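Novice:
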Amino acid sequence: MVNKTKLAVFKFASCDGCQLSLLDCEDELLSVADAVDIAYFLEARSRRVEGPYDVGLVEGSITTPGDVGRIQEVRRACKYLVTIGACATAGGIQALRNWANVDDFFRHVYAHPEFISTLNTSTPISDHVAVDFELRGCPISKHQLIELLTALVHHKKPTTPTHSVCVECKKRGTVCVAVAQGIACLGPLTQAGCGDLHTGRGAICPACNRECFGCFGPQDQVNGASLTKFYQQKGIPRQTLVQLTRNFSGYAPEFRQTSDSLEEQEESP
Amino acid sequence: MTSEEEPQPTERRTIEVKAISRVEGEGRLHLRVRGNVIEHVELNIYEPPRFFESFLRGRQIHEVPDITARICGICPVAYQMSSCHALEKALGINVSPEIRLLRRLLYCGEWIESHVLHIYLLHAPDFLGYESGISMAVDHREKVERGLELKKIGNDLLEVLGGRAIHPVNITVGGFYRAPSVRDLKALLPRLEWGLQAALETVHWVSKFEFPDFTWDYDLVSLHHEDEYPLNEGQVASSSGAMIPIEDYENHFQERHVEHSTALYSVKAPDNHFYLTGPLARLNNCHDKLSPICLKVFDQTGLTLPLRNNFQSIVARALEVVYAFDEAIRIVKAYQVEVVPSRTPFELRPGEGCHATEAPRGLLYHRYRIGEDHLIAEAKIVPPTSQNQGQIESDLRSYLPQLLSLESEEIAEKSEHLIRNYDPCISCATHFLKMTIDWNSDSAK
Ligand code: SF4
Ligand code: SF4
Numbered sequence: 525m526v527n528k529t530k531l532a533v534f535k536f537a538s539c540d541g542c543q544l545s546l547l548d549c550e551d552e553l554l555s556v557a558d559a560v561d562i563a564y565f566l567e568a569r570s571r572r573v574e575g576p577y578d579v580g581l582v583e584g585s586i587t588t589p590g591d592v593g594r595i596q597e598v599r600r601a602c603k604y605l606v607t608i609g610a611c612a613t614a615g616g617i618q619a620l621r622n623w624a625n626v627d628d629f630f631r632h633v634y635a636h637p638e639f640i641s642t643l644n645t646s647t648p649i650s651d652h653v654a655v656d657f658e659l660r661g662c663p664i665s666k667h668q669l670i671e672l673l674t675a676l677v678h679h680k681k682p683t684t685p686t687h688s689v690c691v692e693c694k695k696r697g698t699v700c701v702a703v704a705q706g707i708a709c710l711g712p713l714t715q716a717g718c719g720d721l722h723t724g725r726g727a728i729c730p731a732c733n734r735e736c737f738g739c740f741g742p743q744d745q746v747n748g749a750s751l752t753k754f755y756q757q758k759g760i761p762r763q764t765l766v767q768l769t770r771n772f773s774g775y776a777p778e779f780r781q782t783s784d785s786l787e788e789q790e791e792s793p
Numbered sequence: 004m005t006s007e008e009e010p011q012p013t014e015r016r017t018i019e020v021k022a023i024s025r026v027e028g029e030g031r032l033h034l035r036v037r038g039n040v041i042e043h044v045e046l047n048i049y050e051p052p053r054f055f056e057s058f059l060r061g062r063q064i065h066e067v068p069d070i071t072a073r074i075c076g077i078c079p080v081a082y083q084m085s086s087c088h089a090l091e092k093a094l095g096i097n098v099s100p101e102i103r104l105l106r107r108l109l110y111c112g113e114w115i116e117s118h119v120l121h122i123y124l125l126h127a128p129d130f131l132g133y134e135s136g137i138s139m140a141v142d143h144r145e146k147v148e149r150g151l152e153l154k155k156i157g158n159d160l161l162e163v164l165g166g167r168a169i170h171p172v173n174i175t176v177g178g179f180y181r182a183p184s185v186r187d188l189k190a191l192l193p194r195l196e197w198g199l200q201a202a203l204e205t206v207h208w209v210s211k212f213e214f215p216d217f218t219w220d221y222d223l224v225s226l227h228h229e230d231e232y233p234l235n236e237g238q239v240a241s242s243s244g245a246m247i248p249i250e251d252y253e254n255h256f257q258e259r260h261v262e263h264s265t266a267l268y269s270v271k272a273p274d275n276h277f278y279l280t281g282p283l284a285r286l287n288n289c290h291d292k293l294s295p296i297c298l299k300v301f302d303q304t305g306l307t308l309p310l311r312n313n314f315q316s317i318v319a320r321a322l323e324v325v326y327a328f329d330e331a332i333r334i335v336k337a338y339q340v341e342v343v344p345s346r347t348p349f350e351l352r353p354g355e356g357c358h359a360t361e362a363p364r365g366l367l368y369h370r371y372r373i374g375e376d377h378l379i380a381e382a383k384i385v386p387p388t389s390q391n392q393g394q395i396e397s398d399l400r401s402y403l404p405q406l407l408s409l410e411s412e413e414i415a416e417k418s419e420h421l422i423r424n425y426d427p428c429i430s431c432a433t434h435f436l437k438m439t440i441d442w443n444s445d446s447a448k
């Protein structure tokens with residue numbers, strides 16, 4: 525028998541939603557299990573095959589001193605390391621702590637903060653080790669995940685879109701919520717991929733009659749300053765825009781820069 | 004139990020499950036046994052804290068269901084539903100009966116998806132001797148395929164109503180951003196009908212498993228509603244007799260912080276005892292609200308209520324899947340006209356509101372205070388697993404004596420089985436609660 529690709533799934537600070545996407549590939553799960561050796565995947569199986577692994581999927585962000593060390597071990601054990609989701613790729617929603625005083629966060633939640641060891645920041649995996657590929661989304665799209673696994677088994681580079689959510693709205697025939705209803709939408713800055721691109725069901729939020737809030741992170745070329753200026757001219761409060769950009773992918777550099785410069789505006793006269 | 008006559012081996016054994024598998028999130032188990040004496044049982048949740056309650060402060064009302072969904076990828080709807088209802092109470096919003104039904108339908112989708120995942124991929128392998136659903140599929144391919152198809156129908160229902168199965172985007176305070184089209188919902192009917200039959204077969208299948216001999220006199224806590232099996236509404240009922248309005252929840256249930264865990268432990272007043280939430284609690288407390296088809300199939304299993312063996316939670320879960328399909332079919336059939344407006348309009352104002360709904364794993368309580376600036380001033384969230392955590396440890400203490408003649412490795416494995424009865428969702432359990440009582444200054448054990 526040919527050696528099967530040895531796959532491992534690791535978790536750091538996260539909600540488990542991205543790894544669940546793999547189990548949610550109901551039609552493909554058993555064929556995936558036939559095609560690759562799922563050697564380590566705690567959420568799904570008790571069997572644990574030791575590394576090294578061909579492919580490591582990493583969910584979650586780095587938020588504790590222990591995890592800083594563990595991600596190094598994970599990196600050493602994996603030939604290819606792929607981050608899955610906004611937590612692993614951009615720090616996740618828990619990266620909101622990066623703008624706050626973590627001591628306050630602590631005391632709000634615990635009677636005994638001294639029992640807990642955590643970092644002041646939530647950072648993406650690529651801040652700590654080299655990453656070979658990133659899957660965007662909160663959660664990732666299972667169609668992209670299948671595309672990724674197929675490509676890796678065939679030693680190809682996976683293809684995922686780098687264009688904006690707006691393009692998907694046009695393809696789907698969704699009327700622009702920003703233009704038609706004056707809703708502040710992050711679609712122009714956000715990378716496509718949330719819908720099922722194969723069946724043309726792209727960009728799910730505007731199709732639900734609401735704004736995109738950027739869960740797939742920034743697309744290739746963003747101009748956050750220009751978009752937020754436009755929304756401000758339409759009367760959307762600055763703080764609303766700060767929070768819109770500080771979301772599930774808020775700590776991604778392009779979004780971070782956009783929200784930070786919005787915040788600085790206040791200080792300038 | 005220890006006996007006087009037999010010489011006691013005094014050798015001390017430490018048994019560890021370093022990472023509990025087939026659960027959501029990360030936890031480990033630490034047991035210490037000397038001879039026949041259980042010295043120490045510790046379920047250690049090391050899932051890193053994510054501080055949801057802290058960073059919800061200052062956010063806008065409409066962002067809350069999107070953010071709280073991210074607490075858990077397996078039961079995001081539960082978080083969205085508890086937060087929407089709590090905020091609606093704070094704002095004095097009453098949603099229309101049509102929206103109420105659609106929310107019930109949404110919850111059915113989550114129960115199906117989450118329960119089926121647990122039954123087929125995580126829990127059943129324990130009874131049949133496999134390390135995962137994936138290896139179980141080698142010998143039981145059609146069963147696993149049936150499970151995957153059932154789960155998919157739950158996910159498809161979530162997609163039609165919520166736009167996406169994991170972290171739905173269409174849920175908001177007051178209702179839905181966009182009501183589903185009659186056509187999209189009706190298109191699901193044939194598969195829901197198939198699902199109902201497959202769910203009935205699931206009950207027959209799991210009720211024939213061999214269950215370890217372990218019953219316990221749990222204090223079972225769940226919502227209870229006069230007219231229906233509880234999903235989104237009801238009062239908090241306990242098998243020890245209490246019927247508590249949700250507004251009083253915090254007077255009866257409190258959380259403690261212990262050193263070995265990043266999650267908090269819940270206890271129930273007046274004597275600070277542990278209690279059980281989840282499918283077994285709901286089934287025992289609310290069985291008279293199940294639909295006739297559920298009662299009939301339960302009858303056929305030969306099991307009787309009260310069901311006090313938590314290994315049989317898999318049967319309760321399977322019954323709830325039947326209920327969810329049955330209820331979903333009823334709601335979809337009744338859905339003749341698209342709901343307009345799809346969300347109840349409201350004015351922002353300061354206020355406070357709390358609410359609990361029935362997540363697949365049990366009662367999920369949220370409370371919010373909205374400040375003068377119309378932003379969230381305070382948030383409190385009590386997830387089911389942190390409520391069950393004390394009971395899990397207590398179950399282990401009672402169950403372990405049966406296992407002590409086994410090799411350490413087997414004890415570890417069997418303990419893991421017991422933990423899986425709870426379908427613990429550790430990711431949820433670790434987004435903490437604001438403490439009201441200091442563990443050290445209290446007598447809870
Ligand atoms: S990216 Fe989103 S879905 Fe994925 S683990 Fe993080 S919070 Fe969950
Ligand atoms: S927030 Fe944007 S990227 Fe995320 S699901 Fe909605 S439309 Fe897609």
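In the order they appear, the protein sequences are chains A and B.
Per our numbering, the very first residue in the first sequence carries number 525; after that it's consecutive.
Per our numbering, the very first residue in the second sequence carries number 4; after that it's consecutive.
Heads up, the beta-carbon is just placed ideally off N, CA and C, and yes, glycines get one too.
Quick caveat: nothing in here was measured; it's all calculated off a predicted structure.
1. Taking the straight line between their C-alpha atoms, what separation do you get for residue 442/B and residue 270/B?
2. Reducing DSSP to helix, strand and coil, say where residue 742/A ends up.
3. Whole angstroms is fine: what's the gap from residue 617/A's alpha carbon to residue 29/B's?
4. Among residues of its own chain, excluding the 5 on either side of residue 717/A, which ones have a beta-carbon nearer than 7 Å to its beta-carbon?
5. Taking only heavy atoms of ligand 1 into account, decide whether any of them is closer than 7 Å to the Cβ of residue 667/A.
6. For residue 166/B, which residues of its own chain have a beta-carbon under 6 Å away from its beta-carbon, when the five flanking residues on both sides are left out?
7. Looking at the structure shown, is residue 228/B part of a helix, part of a strand, or coil, going by DSSP?
8. Using a threshold of 7 Å, is the CB atom of residue 55/B nearer than that to any non-hydrogen atom of ligand 1?
9. Under the rule that 16 or more other beta-carbon atoms within 10 Å means buried, what is residue 570/A, buried or exposed?
10. Would you please state the rounded distance, in angstroms, between the beta carbons of residue 360/B and residue 85/B? I believe it to be under 8 Å.
11. For residue 378/B, list the residues DSSP reports as bridge partners.
12. So which of 159/B, 124/B, 418/B has the shortest CA-CA distance to residue 2/B?
13. Three-state secondary structure (DSSP) at residue 123/B?
14. Taking only runs of the alpha helix (DSSP H) that begin and end inside the stretch 289-314 of chain B, which ones reach a length of at least 4 residues, in chain order?
15. Check whether the Cβ atoms of residue 577/A and residue 528/A lie closer than 8 Å to each other.
16. For residue 248/B, collect the residues of the same chain with a Cβ closer than 8 Å to its Cβ; drop the 5 residues on either side in sequence, then sort them by chain order.
17. Are the CB atoms of residue 614/A and residue 648/A within a distance shorter than 8 Å?
18. Between residue 779/A and ligand 2, is there a pair consisting of the residue's CB and a ligand heavy atom that are separated by less than 7 Å?
19. What number of angstroms, rounded off, separates the C-alpha of residue 116/B from the C-alpha of residue 157/B?
20. Tell me, to the nearest whole angstrom, how far the beta carbon of residue 566/A is from that of residue 24/B; I am working on the premise that it is less than 8 Å.
21. Identify, in the order they occur along the chain, each residue of the same chain with its Cβ nearer than 6 Å to the Cβ of residue 330/B, setting aside the five sequence neighbours on each side.
22. Mapping the DSSP letters down to three states, classify residue 779/A as helix, strand or coil.
23. Round the Cβ separation of residue 704/A and residue 764/A to the nearest angstrom and send it over; I've been treating them as touching at under 8 Å.
24. Distance cutoff 8 Å, beta carbons only. Does residue 618/A sit that close to anything in chain B?
25. Quick check on the burial criterion: 16 or more other C-beta atoms within 10 angstroms. Buried or exposed for residue 584/A?
26. Under a Cβ-count criterion, where at least 16 other Cβ atoms within 10 Å of its own Cβ denotes burial, should residue 176/B be classed as buried or exposed?
27. So is residue 257/B in contact with chain A if we call contact Cβ pairs under 8 Å?
28. For residue 562/A, go through chain B and note every residue whose CB falls closer than 7 Å to its CB, in chain order.
29. Tell me whether residue 737/A, by its Cβ, gets closer than 7 Å to a heavy atom of ligand 2.
30. Which residues mark the beginning and the end of the alpha helix (DSSP H) in which residue 421/B is found?
31. List the residues of chain A that residue 166/B touches, going by C-beta distances under 8 Å, in chain order.
32. Given residue 341/B, which residues of its chain have a CB within under 7 Å of its CB, disregarding the five upstream and five downstream residues?
33. What is the DSSP secondary structure of residue 675/A, reduced to helix, strand or coil?
34. Going by C-alpha to C-alpha distance, which of 287/B, 128/B, 369/B, 352/B sits closest to residue 375/B?
35. Checking contacts by CB at 8 Å: is residue 642/A closer than that to chain B?
36. Please report how far the alpha carbon of residue 358/B lies from the alpha carbon of residue 573/A, in whole angstroms.
Specialist: So, from the data block:
1. Locating residue 442/B in the second sequence gives position 439, where the first residue counts as 1. Locating residue 270/B in the second sequence gives position 267, where the first residue counts as 1. Residue placement at residue 442/B is poorly supported in this model, since its pLDDT is 27, which falls under 50; the coordinates are not used for a value here.
2. As a working mapping, residue 742/A is identified with position 218 in the first sequence. Three-state result, residue 742/A: strand.
3. Start at 1 with the first residue of the first sequence, and residue 617/A comes out as number 93. Start at 1 with the first residue of the second sequence, and residue 29/B comes out as number 26. Answer to the nearest angstrom: the Cα atoms are 19 Å apart.
4. Against the first sequence, residue 717/A aligns to sequence position 193. 660, 661, 665, 668, 684, 685, 740, listed in sequence order.
5. What you label residue 667/A is simply residue 143 of the first sequence in a count that begins at 1. Relative to the non-hydrogen atoms of ligand 1, the Cβ of residue 667/A never comes closer than 7 Å to any of them.
6. Along the second sequence, read from residue 1 onward, the residue named residue 166/B stands at position 163. Once the five neighbours on either side are set aside, the close Cβ partners of residue 166/B are 172, 173.
7. Taking the first residue of the second sequence as 1, we reach residue 228/B at position 225. Coil at residue 228/B, not helix or strand.
8. Numbered from 1 along the second sequence, position 52 holds the residue referred to as residue 55/B. False, no ligand heavy atom lies under 7 Å from that Cβ.
9. As a working note, residue 570/A is residue 46 in the first sequence. Buried, because 16 or more other Cβ atoms sit within 10 Å of the Cβ of residue 570/A.
10. In the second sequence, residue 360/B corresponds to position 357, counting from 1. In the second sequence, residue 85/B corresponds to position 82, counting from 1. With 8 Å as the limit, residue 360/B and residue 85/B qualify as a contact, their Cβ atoms being about 5 Å apart.
11. Stepping through the second sequence from its first residue, residue 378/B is reached at position 375. DSSP, once it has assigned bridges, lists 63/B as partnering residue 378/B.
12. Residue 2/B lies beyond the residue range present for chain B, which begins at 4 and ends at 448; the question has no answer from this structure.
13. Residue mapping note: residue 123/B aligns to position 120 of the second sequence, counting from 1. Residue 123/B: helix per DSSP, three-state reduction.
14. 295-304
15. As a working mapping, residue 577/A is identified with position 53 in the first sequence. As a working mapping, residue 528/A is identified with position 4 in the first sequence. Going by C-beta atoms, residue 577/A is not nearer than 8 Å to residue 528/A.
16. Here residue 248/B refers to the residue found at position 245 when the second sequence is read from its first residue. If we look at residue 248/B and ignore the five residues flanking it on each side, its Cβ neighbours are 238, 239.
17. Within the first sequence, residue 648/A is the residue found at index 124, counting from 1. Within the first sequence, residue 614/A is the residue found at index 90, counting from 1. Their beta carbons are under 8 Å apart, which means residue 648/A touches residue 614/A by this criterion.
18. The sequence position of residue 779/A within the first sequence is 255, counting from 1. No, the Cβ of residue 779/A stays beyond 7 Å of every heavy atom of ligand 2.
19. Translated into the one-based positions of the second sequence, residue 116/B becomes position 113. Translated into the one-based positions of the second sequence, residue 157/B becomes position 154. Taking the straight line joining both Cα atoms gives about 5 Å.
20. Here residue 566/A is taken as the residue at index 42 of the first sequence, counted from 1. Here residue 24/B is taken as the residue at index 21 of the second sequence, counted from 1. With 8 Å as the limit, residue 566/A and residue 24/B qualify as a contact, their Cβ atoms being about 5 Å apart.
21. On the second sequence, position 327 is the one that residue 330/B refers to. A distance below 6 Å between beta-carbons, with the five flanking residues on each side excluded, links residue 330/B to the following residues of its chain, in chain order: 111.
22. To locate residue 779/A, count along the first sequence from 1; it is residue 255. Helix at residue 779/A.
23. Residue numbering aside, residue 704/A sits at position 180 when the first sequence is read from its first letter. Residue numbering aside, residue 764/A sits at position 240 when the first sequence is read from its first letter. Rounded to the nearest angstrom, the Cβ distance from residue 704/A to residue 764/A is 19 Å, too far for a contact under 8 Å.
24. As a first step, residue 618/A must be located in the first sequence, where it is residue number 94. Taking Cβ atoms only, chain B reaches closer than 8 Å to residue 618/A, which makes this a yes.
25. Here residue 584/A refers to the residue found at position 60 of the first sequence. Residue 584/A should be labelled buried.
26. Mapped onto the second sequence, residue 176/B falls at position 173. Classification of residue 176/B: buried, given that the 10 Å Cβ count is 16 or more.
27. Counting from one through the second sequence, the residue named residue 257/B turns up at place 254. Chain A, which has no Cβ nearer than 8 Å to the Cβ of residue 257/B, makes this no.
28. Within the first sequence, the letter at position 38 stands for residue 562/A. Those within 7 Å of residue 562/A in chain B are 137.
29. Within the first sequence, numbered from 1, the residue matching residue 737/A stands at position 213. Yes, since a heavy atom of ligand 2 falls inside the 7 Å radius drawn around the Cβ of residue 737/A.
30. Within the second sequence, the letter at position 418 stands for residue 421/B. 411-423 is the span of the alpha helix (DSSP H), which, as asked, contains residue 421/B.
31. For this step, residue 166/B is matched to residue 163 along the second sequence. Residues of chain A passing the Cβ test: 728, 729, 731, 732.
32. Taking the first residue of the second sequence as 1, we reach residue 341/B at position 338. Answer for residue 341/B: 182, 184, 185, listed in chain order.
33. The residue you call residue 675/A lines up with position 151 of the first sequence. It is helical.
34. On the second sequence, residue 375/B is found 372 positions in, with the first residue counted as 1. It is 352/B whose Cα lies nearest to the Cα of residue 375/B.
35. Residue mapping note: residue 642/A aligns to position 118 of the first sequence, counting from 1. Taking Cβ atoms only, chain B reaches closer than 8 Å to residue 642/A, which makes this a yes.
36. For the purposes of this step, residue 358/B is identified with residue 355 of the second sequence, where counting begins at 1. For the purposes of this step, residue 573/A is identified with residue 49 of the first sequence, where counting begins at 1. The straight-line gap from Cα to Cα measures roughly 44 Å.
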